[in-house]
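Going by the numbering used here, the sequence shown opens with residue 2, and the numbers climb by one from there. Worksheet: one structure, shown below.
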Amino acid sequence: MNLEPQQIFQLVSLLAVLALFSFSLRGQIGYARWFKKWEADRKARRDAELEAEARERGEDTPRGPWG
């Protein structure tokens, strides 16, 4: 089986696109993980702030899923 120069170029191009896609996908997955963690941390900080404000006002903080 002999490969012509055009076929070799196509194969190399296909492998380059596959490598580029895999690096891009890895970056997107990393960004999604970072964003989910950031959003969870932000929500935890906000919940803590609301609870501290409620304690300052002397209100009962909601307990459990139904408050």
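The C-beta atom is built at its ideal place from N, Cα and C for all residues, glycine as well. Treat the numbers as computed from the prediction; the structure is a model and nothing was measured.
Checklist entry - Do you know how far the Cα of K37 is from the Cα of E57? => result Each residue's alpha carbon lies about 30 Å from the other.
Item to check | Whole alpha helix (DSSP H) elements within the region 6-48, 4-residue minimum | outcome: Annotation: the region 6-48 contains no complete segment of the alpha helix (DSSP H) (minimum length 4 residues).
Next on the checklist: Helix, strand or coil for L51? Go by DSSP, reduced to three states.
Outcome noted: L51 sits in a helix when the DSSP states are folded into three classes.
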